[in-house]
Structure formats: C-alpha cells, structure tokens
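Visitor: Here the protein sequences come in this chain order: A and B.
Throughout, the numbering used here is defined as the position within the first sequence, counted from one, plus 29.
Throughout, the numbering used here is defined as the position within the second sequence, counted from one, plus 29.
The beta-carbon is built from N, C-alpha and C at its ideal position, and this holds for glycine as well.
Handing you a structure now.
2 protein chains.
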Amino acid sequence: MKSLSKGLRVLMEFTADAPVLGVTELASRTGLAKGQISKILNTFRQHGVLAQDQATRRYSVGSRAFALGSRFVNYHPLAREALVVMRQVVEQTGHSARLSIMDGDQVMYLLQSEGIFLADTGWRVGMFLPLHATTAGKVILAFLPPLRVDELLDGATLVTITPNTITDPATLRRDLAEIRRKGFGISKGETTAGLGTVGVPVFGRDGHVTAVLGLVFPLHLVDWADAPALAAILHEHARTLSQGAGCPVYPFGGSAPRPTGTSPPQAPVRSGRRARA
Amino acid sequence: MKSLSKGLRVLMEFTADAPVLGVTELASRTGLAKGQISKILNTFRQHGVLAQDQATRRYSVGSRAFALGSRFVNYHPLAREALVVMRQVVEQTGHSARLSIMDGDQVMYLLQSEGIFLADTGWRVGMFLPLHATTAGKVILAFLPPLRVDELLDGATLVTITPNTITDPATLRRDLAEIRRKGFGISKGETTAGLGTVGVPVFGRDGHVTAVLGLVFPLHLVDWADAPALAAILHEHARTLSQGAGCPVYPFGGSAPRPTGTSPPQAPVRSGRRARA
DNA sequence: AAACGCAGTTTCTAAATCGGGAACGCTGAC
DNA sequence: GTCAGCGTTCCCGATTTAGAAACTGCGTTT
C-alpha cells in the first residue's frame with residue numbers, strides 16, 4: 030500500500046508545531062512532488078480528514094479526523110473510569126489532573142480535567158513529549174523493566190525543553206530510583222517553565238505501568254512539602270484505576286479508607302498557600 | 030487517489046457504534062475483498078492510526094489517530110477560550126458543560142467539562158448526532174438562515190433516539206421559533222433518557238452560529254423553573270466567546286457585569302434541588 | 001483426538017493507477 | 001502593470017494495486 034502510506038506520511042506532517050500547512054511546504058517537508066501532494070490533500074479534504082481554508086488555501090486537520098481520533102480515548106480501557114476519578118482528584122486538590130500514557134518512546138497526554146487554579150496549561154491532550162522531560166515519562170521509565178529503560182536511554186540524547194529539563198543520564202537515573210522508592214514523581218518546571226507536576230503510576234493486568242495519573246499547577250501555588258500529601262491523594266485514585274485495570278494490589282499509599290461512591294465532595298485537601306481568593 | 034480513498038473509507042467504518050472491527054466484518058461492510066482490507070489495515074497499523082489486538086486480531090483506532098485528531102480541537106478558534114469559559118460554567122452551576130459544533134448535517138461534541146453531579150454522560154466528545162435530536166442541534170437550526178433550515182429538514186425523516194425525541198417537523202419548527210425568542214434551547218430527555226440540557230448559541234464574525242454552549246444534567250436534579258437562570262449564566266459566557274470570535278454584539282442575556290479575570294470562584298449559583306450531599 | 005470452520009494473511013497476474021516533471025491560472029506584492 | 005509564488009492540472013511510462021483463490025493458525029465440533 031504505497032499510495033496509502035505516502036498519504037499517511039503527509040498527514041502526519043500536521044503536528045502540533047505545524048498545524049496548518051500548504052502544498053509547497055508539505056512538498057519540501059516530505060520530498061514529494063507538489064502535484065502529488067495536491068492530489069493527496071484533496072482526497073483527505075473530500076473525506077473531511079483535512080479542511081482547507083478558502084482564503085489562504087492552506088490545509089489543517091478536519092472534523093472527521095477529530096471524530097475518528099476521539100474513539101481512541103472514548104474506548105480506551107482506562108478512560109471511562111479515569112474521567113470520573115480525575116474529576117474527584119480535581120475536586121479534592123483544586124489542581125488540573127492529567128492522564129498520560131506511553132506511546133512509542135514518548136509520552137502522550139490522554140485526558141485532562143481542568144482545575145480552578147490553572148485552566149490552560151498550554152500542553153494539550155494528544156500532544157507528545159519525550160519521556161525524560163515530563164513527570165509522566167519519568168514515572169513510566171521508573172517502572173519499566175530495566176532492560177527496556179536501557180534501550181530507551183542508551184545513546185539517546187536527552188533533549189532540553191526548559192532550563193530545568195533533566196539532560197544528564199545519571200541525574201535522570203537517580204530520579205527514577207527515587208520515584209520507585211517514593212511511588213511518585215515530581216517536576217519543577219522541567220516541562221514548562223513555572224509549572225510543577227506530581228505523578229503516580231497506574232498499573233495494568235500484568236503489573237506493568239499502564240498510565241500515569243498526575244496533577245499540574247503553577248509552581249508558586251504549591252509548597253513542595255505538600256507533594257507527599259498530593260501524591261497520597263493520587264495514590265488512592267491510582268489504586269482504583271489499577272484495580273479496574275486488573276492489577277489487584279497497588280503498592281503505594283496507605284490503605285486509608287477510600288471515599289466510597291461517586292465523589293461525595295468532602296472537605297477539599299487544597300494545598301495551595303493562598304487558597305481560593 | 031483511489032487507493033487512499035478506499036483506505037479512508039475503510040477507516041471511517043470505525044464509528045462510535047463499531048469501534049473494534051475485524052477484517053471479514055470490514056470486507057462485508059465495505060464490499061472490498063478481504064485480502065485488500067488486510068493490507069490496508071496493516072498499513073494503518075504501521076502508522077499507528079489503527080491498533081491490532083494481538084489476542085483477537087481485531088483492529089481499533091490507534092494513538093496516532095488520536096494525536097492527529099486532537100489537533101482539530103487544539104487549534105479550533107473557539108476551543109482555547111472555551112476551555113476556560115467552560116470551567117467557569119461548571120464552577121457556577123455544578124453541571125457538566127459542553128461545546129458543540131455543526132459538522133455536515135449533524136452535531137458534533139467538541140469539548141466537555143465534567144461537573145460534579147454527572148461525571149459521565151455516555152455521549153462523548155467526537156460523537157455525532159442528528160440536529161433535531163439534541164439541544165445543540167436545535168439551537169444551531171434556530172439561528173441558521175431559513176433557506177438552509179428548509180434544505181436540512183425538508184424530506185429528511187426525524188429519527189427517533191429516545192421516546193422524547195422530537196419527530197414531528199411542525200413541533201420542531203415551533204421549538205426553533207421559541208429558541209429564537211428566548212435565546213436558549215432545552216431538551217428533556219430528547220437525546221438521552223433521564224438527561225436534560227440547556228444550550229445557547231455562540232456567534233461568529235458574520236453573525237452566524239459558530240457553536241453551542243450547553244449544560245447537561247440528570248433531569249431529577251434540576252427544576253425547569255431554573256432553566257432561564259442557567260441560560261442567563263450561559264448567555265454571559267457565550268457573549269464572551271462570541272466577542273472573541275469576532276461578533277461584537279450578543280443579543281441575549283442582560284448586560285450584567287461579567288465576572289472579570291479568570292474565574293474568581295465566587296458563590297456558586299447551583300440550581301439543584303438537592304445540592305451537594 | 002481428529003476434523004471442520006472461521007478469520008486473517010499471502011500469492012499471483014492483468015491492468016489500472018500512480019509518480020514525476022513541466023505547464024497553467026490565480027492571487028497578492030512590488 | 002509586471003512579477004513572483006502558490007496551488008492545480010496535464011501527460012506518459014511503469015510501478016502498484018485489485019481481485020480471486022489458496023494457505024495458515026486457532027477455536028470449536030463431532
């Protein structure tokens with residue numbers, strides 16, 4: 030299927046960094062002939078996968094692509110349960126919650142539930158980031174089989190995303206060891222300047238990391254002494270998700286009585302220095 | 030581009046109703062030969078657009094399709110602003126907020142922000158529904174040019190989704206007139222049994238309906254006498270969105286001073302009979 | 001236990017579709 | 001008014017696809 034393959038190669042050029050593209054630009058990016066690109070784009074347009082701006086003649090992702098892609102998260106084993114759980118996390122902490130999964134050698138954001146302190150993190154659902162540059166990625170690495178981690182890290186250069194991104198393999202491996210010990214990972218502006226994150230693993234049937242449940246917040250709102258408290262909340266919910274995913278025993282967090290039923294919004298354990306105005 | 034076109038036709042068979050499909054089933058659905066379907070599916074799998082379950086050998090939508098599709102909403106003109114606005118709506122009402130757009134002759138859910146009363150509505154982002162069977166669709170119809178409405182309604186049979194779905198054209202047109210008058214539409218279980226919705230239009234540059242901002246809630250939680258109050262809240266925010274989309278004057282709702290800045294979480298105007306447990 | 005049936009993958013050949021370069025409108029800039 | 005840049009169309013050679021049937025592997029039946 031060479032023709033289909035080429036079409037998809039063209040389609041995949043519509044990245045988060047370049048969401049709107051023209052024929053000539055795509056031709057230079059892919060090395061294909063302009064005329065061919067034009068025909069490919071037209072086919073995608075006919076199917077609603079791409080949309081063409083009538084004024085600029087440039088193309089961007091269309092609604093049918095969105096409809097199709099949404100089926101991935103709508104039918105993802107974790108998603109249905111995670112949606113509910115994440116709302117509870119937001120209610121309890123006030124911060125935005127996030128569910129990330131591993132995709133290839135990157136991290137992808139699957140779900141996000143906006144909190145009250147931070148409505149827009151800039152990073153959106155469906156975006157990819159390198160494993161070493163995010164809390165989610167580090168947590169995944171921490172619980173991956175050591176051989177797999179070596180495969181992923183050896184030879185790979187740890188790209189800089191912000192000044193705080195971990196770029197030294199030794200530092201990263203120390204961080205991974207600490208994550209394994211504590212059961213949660215943190216980031217102080219390693220992915221986005223000014224934003225902090227806490228993340229805990231969700232395990233699947235075979236005890237492998239399936240996803241990472243995390244919180245995102247402006248750094249100035251959270252005292253890092255509270256990180257274990259936030260992690261404890263996440264651990265409770267990650268236990269629920271892990272059990273739902275077929276991993277009966279969750280190794281982290283106390284076995285404190287979990288809130289039963291569908292989130293009776295109890296006294297929120299908000300950890301901001303300055304809570305609601 | 031016949032090959033690409035066939036590939037996309039196969040891809041589009043992965044609907045919300047049939048998110049997991051096998052080769053034979055796709056062959057019978059599309060009328061193509063099994064062997065060809067197999068090769069097409071393989072190509073999609075190589076690109077991550079589809080994923081194959083190793084046990085059942087069946088295919089479902091993959092992560093790259095999700096990543097691609099998410100770019101539609103991430104770069105949709107309304108989405109960035111709507112994300113923030115919808116969080117505010119949820120804070121103020123406690124109910125789930127939704128942003129829907131028109132796509133072809135259907136309604137598509139673009140964004141959803143979960144409330145505390147109803148974490149999962151069953152209908153998910155990226156799903157399509159007929160215009161007449163949803164609040165969003167009715168609001169869109171109400172503010173579409175009359176000629177366009179005639180095109181859409183004449184000859185079309187109004188499909189039944191629930192026992193409450195409006196299936197009589199005359200009844201529908203009366204509802205549309207009322208929506209135009211009041212500035213908001215409602216549904217009492219017309220889309221999903223037991224769920225009610227309120228929706229208001231968002232207008233774009235040329236004054237056309239761009240989207241519908243709505244609330245979803247379990248019917249027993251809301252007194253319909255409160256509907257205008259909910260609509261008033263939605264109107265405020267829809268005004269913000271319309272202005273952001275280039276429509277300076279929003280015709281509905283009082284010009285009450287809007288809450289400034291990014292949602293100072295004020296006293297919530299919850300309208301449930303039995304508020305938080 | 002052996003055989004059947006079903007589902008997915010592979011093989012093969014004729015012929016249609018694609019690939020590549022260059023020419024053609026169209027729009028906006030100078 | 002002319003030029004430059006972009007997207008689209010045209011054309012021919014040959015690669016690639018379409019289609020039917022055979023193959024393999026697994027689960028179920030007898």
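Of the choices A:Arg-93, A:Arg-86, A:Thr-59, whose alpha-carbon is the least far from that of Leu-40 (chain B)?
Guide: Looking at the Cα atoms, A:Arg-93 is the closest of the given residues.
Visitor: Would you tell me roughly how many angstroms separate the C-alpha atoms of Val-154 (chain B) and Gln-141 (chain B), rounded to the nearest one?
Guide: Approximately 7 Å between the Cα atoms of the pair.
Visitor: Assuming His-266 (chain A) contacts Val-118 (chain A) under a Cβ cut-off of 8 Å, what Cβ separation, rounded to an integer in Å, is found between them?
Guide: The Cβ separation is near 6 Å, so the contact holds.
Visitor: Please state whether the Cβ-Cβ distance between Ala-260 (chain A) and Leu-205 (chain A) is less than 8 Å.
Guide: No; because the gap between Cβ atoms is not below 8 Å, this pair is not in contact.
Visitor: With hydrogens ignored, establish whether the beta-carbon of Tyr-88 (chain A) is closer than 7 Å to any heavy atom of the ligand ATP.
Guide: For the ligand ATP, the structure offers nothing, since it holds no ligand at all.
Visitor: Beta-carbon of Ser-67 (chain B) versus every beta-carbon of chain A: anything under 8 Å?
Guide: Cβ-Cβ to chain A under 8 Å: no for Ser-67 (chain B).
Visitor: Among A:Leu-248, A:Gly-91, A:Arg-86, which residue has its Cα nearest to the Cα of Asp-132 (chain B)?
Guide: The shortest C-alpha separation from Asp-132 (chain B) is found at A:Gly-91.
Visitor: Would you mind sorting Ala-285 (chain B) into buried or exposed? The rule is 16 or more other CB atoms within 10 Å of its CB.
Guide: Because the pLDDT of Ala-285 (chain B) is 49, which lies under 50, any placement of that residue in the model is unreliable, and the number read from its coordinates should be weighed accordingly. Looking at its Cβ environment, which holds fewer than 16 other Cβ atoms inside 10 Å, Ala-285 (chain B) is exposed.
Visitor: Rank B:Leu-224, B:Arg-38, B:Gln-135, B:Gly-282 by C-alpha distance to the C-alpha of Gln-75 (chain A) and give the top, closest one.
Guide: Nearest C-alpha to Gln-75 (chain A): B:Arg-38.
Visitor: Along the chain, which unbroken stretches of the alpha helix (DSSP H) at least 4 residues long are found entirely within the region 231-296 of chain A?
Guide: List check, alpha helix (DSSP H) in window: 256-273.
Visitor: If we define contact as Cβ-Cβ less than 8 Å, is Leu-107 (chain A) a contact residue for chain B?
Guide: For Leu-107 (chain A), the answer is no, since every Cβ of chain B falls outside 8 Å of its Cβ.
Visitor: Buried or exposed, going by whether 16 or more other CB atoms sit within 10 Å of the CB of Pro-174 (chain A)?
Guide: Pro-174 (chain A) is exposed by the Cβ-count criterion.
Visitor: In the DSSP output, what is Phe-157 (chain B) paired with across the bridge?
Guide: Answer by DSSP bridge pairing, in chain order: B:Met-137.
Visitor: Can you pull out the residues from the region 127-161 of chain B whose beta carbon lies closer than 7 Å to at least one beta carbon of chain A?
Guide: Listed in sequence order: Asp-132, Met-137, Ser-142, Glu-143, Ile-145, Ala-148, Asp-149, Arg-153, Val-154, Gly-155, Phe-157.
Visitor: Go through its chain and collect everything with a Cβ distance to Ala-111 (chain A)'s Cβ below 7 Å, but skip five positions before and after it.
Guide: So the list reads Leu-128, Leu-140, Leu-270, once near-sequence residues are dropped.
Visitor: What residues of chain A sit near Pro-48 (chain B), judged by a beta carbon separation below 8 Å?
Guide: Chain A residues near Pro-48 (chain B): Arg-100, Asn-103, Tyr-104.
Visitor: State the start and end residues of the unbroken beta strand (DSSP E) segment that holds Ala-80 (chain B).
Guide: Counting along the chain, the beta strand (DSSP E) containing Ala-80 (chain B) begins and ends at 79-81.
Visitor: Please report whether the beta-carbon of Arg-86 (chain A) lies at a distance below 8 Å from any beta-carbon of chain B.
Guide: No - not a single Cβ of chain B is within 8 Å of the one on Arg-86 (chain A).
Visitor: Along the alpha helix (DSSP H) that carries Val-90 (chain B), what are the first and last residues, could you check?
Guide: Where Val-90 (chain B) is concerned, there is no enclosing alpha helix (DSSP H), although the beta strand (DSSP E) it sits in stretches over 88-90.
Visitor: What is the rounded straight-line gap between the Cα of Gly-223 (chain B) and the Cα of Leu-79 (chain B)?
Guide: Gly-223 (chain B) and Leu-79 (chain B): Cα-Cα distance of roughly 35 Å.
Visitor: Could you tell me the boundaries of the beta strand (DSSP E) in which Ala-126 (chain A) lies?
Guide: From DSSP, the beta strand (DSSP E) with Ala-126 (chain A) extends over 125-132.
Visitor: Whose CA, out of B:Ile-145, B:Asp-134, B:Val-245, B:Ile-66, lies closest to the CA of Ala-185 (chain B)?
Guide: The option with the nearest alpha carbon to Ala-185 (chain B) is B:Asp-134.
Visitor: May I ask you to list the residues that DSSP assigns as paired with Ser-142 (chain A)?
Guide: Bridge partners of Ser-142 (chain A): A:Ala-126.
Visitor: If I'm right that Glu-42 (chain B) touches Leu-61 (chain B) with Cβ under 8 Å, what's the distance once you round it to whole angstroms?
Guide: With a Cβ gap of about 10 Å, Glu-42 (chain B) and Leu-61 (chain B) do not count as contacting.
Visitor: Could you tell me if Arg-210 (chain A) is buried or exposed, where buried requires 16 or more neighbouring beta carbons within 10 angstroms of its beta carbon?
Guide: Arg-210 (chain A) should be labelled exposed.
Visitor: Beta carbon of Leu-248 (chain B), beta carbon of Leu-263 (chain B): below 8 Å?
Guide: No.
Visitor: Report the CB separation of Val-145 (chain A) from Gly-123 (chain A) in whole angstroms; it is logged as a contact under 8 Å.
Guide: Note on residue identity: the sequence assigns Ile, not Val, to residue 145 (chain A). Confirmed, Cβ separation roughly 5 Å.
Visitor: Shorter than 8 Å from the beta carbon of Val-231 (chain B) to some beta carbon of chain A?
Guide: No, its Cβ sits nowhere closer than 8 Å to a Cβ of chain A.
Visitor: Which bits of chain B does Arg-74 (chain A) rub up against, with CB to CB less than 9 Å?
Guide: Going along chain B, no residue has its Cβ under 9 Å from Arg-74 (chain A), so there is no contact; the nearest lies around 11 Å.
Visitor: Taking Val-78 (chain A) as the query, report the chain B residues whose CB atoms sit under 8 Å from its CB, ordered along the chain.
Guide: Within 8 Å Cβ-Cβ: Leu-37.
Visitor: Against chain A, does Arg-116 (chain B) count as a neighbour if the rule is that its beta carbon must be under 8 Å from one of theirs?
Guide: Chain A contact via Cβ: present.
Visitor: Taking the alpha carbon of Val-231 (chain A) as the point to measure from, which residue in A:Leu-181, A:Thr-220, A:Gly-214 has its own alpha carbon closest?
Guide: The option with the nearest alpha carbon to Val-231 (chain A) is A:Gly-214.
Visitor: Answer with buried or exposed for Ser-344 (chain A), where buried requires no fewer than 16 other C-beta atoms within 10 angstroms of its C-beta.
Guide: Given a span of 30 to 306 for chain A in the structure shown, any question on residue 344 (chain A) remains unanswerable.
Visitor: Relative to the C-alpha of Gly-236 (chain A), which residue among A:Arg-177, A:Asn-71, A:Gln-272 is closest?
Guide: If we check each option's Cα against that of Gly-236 (chain A), A:Gln-272 comes out closest.
Visitor: So what does DSSP say about Thr-191 (chain A), is it helix, strand or coil?
Guide: Looking at Thr-191 (chain A) - three-state DSSP - the assignment turns out to be coil, as it is neither helix nor strand.
Visitor: Please specify which runs of the beta strand (DSSP E), each continuous and at least 3 residues long, are wholly inside the region 38-108 of chain A, giving them in chain order.
Guide: The qualifying runs are 79-81, 88-90.
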